[in-house]
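K.L.:
Before I ask anything, let me first share the structure, which is written out below as structure tokens.
2 protein chains.
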Amino acid sequence: MPRQRSYSRITRQALSLLGKLIRVARTERGLTAQELADRAGISRTTLSSIEKGAPGPEIGIVFEVAALVGVRLFDYDERALQLHNTHLDEKLTLLPRSVRHGVKEVDDDF
Amino acid sequence: MPRQRSYSRITRQALSLLGKLIRVARTERGLTAQELADRAGISRTTLSSIEKGAPGPEIGIVFEVAALVGVRLFDYDERALQLHNTHLDEKLTLLPRSVRHGVKEVDDDF
DNA sequence: CAGTTTTGTTCATTTTATTGGTCATAACGG
DNA sequence: CCGTTATGACCAATAAAATGAACAAAACTG
């Protein structure tokens, strides 16, 4: 009997969009699925799952693929942890300075 | 013969810090490892791997655990994708408005 | 258009993660 | 302090992901 796991809406959305971001970044760089899969050391089948936003793939592989196409999820400094720690509250999204300052602004109405 | 995969420094750092963030958020909420594991529907062993920053755990499970303790990685709106798309460049970190505006500022010198 | 490349999907096999149990140790509380 | 609880680590058994092959369809290209 297969495992039956439930995922929250926010998790499904995050996975779906992360997959799309990776695909967009890949095509923008003119890479085929096979080429990116080769660079990441995974099969095209697995990359397909990742771009589809499946919950199954290993997080290390997904992060590696994201990094390869320039989608940075984290770029934290270890020291950041303690500082962030003192600021934790209910639904705080934790960000490192590099992200807060490096992001390109886009239209505010999305 | 076991699979031998290599992970980049940034991936390892990201996983390590994400695990620490989850652990900090969990303890700040007074949850034991067993309690959080139960809520997430996983074993304490797996949660331990996640908090240790192992690359193996499924990304869906990690995202789910993160969400349960209030560590939001993504909160994108689907429409954001197209807008971001036009702004992709070398090492752009993509952020949704909710993150850009909702983050609590901390000391800039970390 | 015809030919080529890329992608999406499915499937059997191999590899790996997940689980639940156990034990030692650390941290906690009366 | 002693008893309790939480954590970290390890293990065999089980469940699931990763792989590579194969095929159809879609997307390019000349």
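Residue numbers (my numbering), protein chains in the order written: chain A, 289 to 398; chain B, 289 to 398.
Here a beta-carbon is modelled for each residue, glycine too, at the ideal position from N, C-alpha and C.
1. Suppose you measure from the CA of Ser304/B to the CA of Ile310/B; what does that come to, to the nearest Å?
2. For Glu339/B, which residues does DSSP report across the bridge?
3. Taking any Cβ of chain B, which residues in the stretch 339-354 of chain A have a Cβ under 8 Å from it, in chain order?
4. Grab me the residues of Ile338/B's own chain with a C-beta within less than 7 Å of its C-beta, minus the 5 sequence neighbours each way, in chain order.
5. Can you pull the chain A residues whose beta carbon is under 8 Å from the beta carbon of Ala321/B, in chain order?
6. Could you give the distance in angstroms between the alpha-carbon of Leu356/A and the alpha-carbon of Ala302/A?
7. From the DSSP output, read off the bridge partner residues of Glu346/A.
8. Since Gly307/B is in the alpha helix (DSSP H), which residue starts that stretch and which ends it?
9. Over what stretch of residues does the alpha helix (DSSP H) that includes Leu319/B continue unbroken?
10. Helix, strand or coil for Arg291/A? Go by DSSP, reduced to three states.
11. Alpha carbons only, please: which of Gly348/B, Ser336/B and Ser294/B is nearest the one belonging to Arg314/B?
12. Rounded to whole angstroms, what is the Cα-Cα separation between Ile298/A and Gly348/A?
P.N.:
Result, derived from the coordinates:
1. As a first step, residue 304/B is located in the second sequence; it is residue number 16 there, counting from the start. As a first step, residue 310/B is located in the second sequence; it is residue number 22 there, counting from the start. Approximately 10 Å between the Cα atoms of the pair.
2. In the second sequence, the residue the question calls residue 339/B occupies position 51. Bridge partners of Glu339/B: none, in fact.
3. For the stretch 339-354 of chain A, which is checked against every Cβ of chain B, the residues closer than 8 Å are Ala342, Pro343, Gly344, Pro345, Glu346, Ile347, Gly348, Ile349, Val350, Phe351 and Glu352.
4. The residue labelled residue 338/B in the question sits at position 50 within the second sequence. Exclusion of the five residues before and after Ile338/B leaves Gly307, Ile310, Pro345, Val350 and Val353 as the residues of its chain whose Cβ lies within less than 7 Å of its Cβ.
5. Translated into the one-based positions of the second sequence, residue 321/B becomes position 33. Taking a Cβ-Cβ threshold of 8 Å, none of the residues of chain A is close to Ala321/B; the smallest such distance is about 18 Å.
6. Against the first sequence, residue 356/A aligns to sequence position 68. Against the first sequence, residue 302/A aligns to sequence position 14. Spanning the two alpha carbons is a distance of roughly 19 Å.
7. Position 58 of the first sequence, counted from the start, is the residue given in the question as residue 346/A. BP columns for Glu346/A point to Glu346/B.
8. Sequence index remark: in the second sequence, residue 307/B carries index 19 (1-based). Counted as a single uninterrupted DSSP element, the alpha helix (DSSP H) harbouring Gly307/B occupies residues Arg297 to Glu316.
9. Reading the second sequence from its first residue, position 31 is the one you call residue 319/B. Per DSSP, Leu319/B lies in no alpha helix (DSSP H) and is assigned neither H nor E.
10. Within the first sequence, residue 291/A is the residue found at index 3, counting from 1. Correct three-state label for Arg291/A: coil.
11. Locating residue 314/B in the second sequence gives position 26, counting from the first residue. Looking at the Cα atoms, Ser336/B is the closest of the given residues.
12. Translated into the one-based positions of the first sequence, residue 298/A becomes position 10. Translated into the one-based positions of the first sequence, residue 348/A becomes position 60. Distance between the alpha carbons of Ile298/A and Gly348/A: 20 Å.
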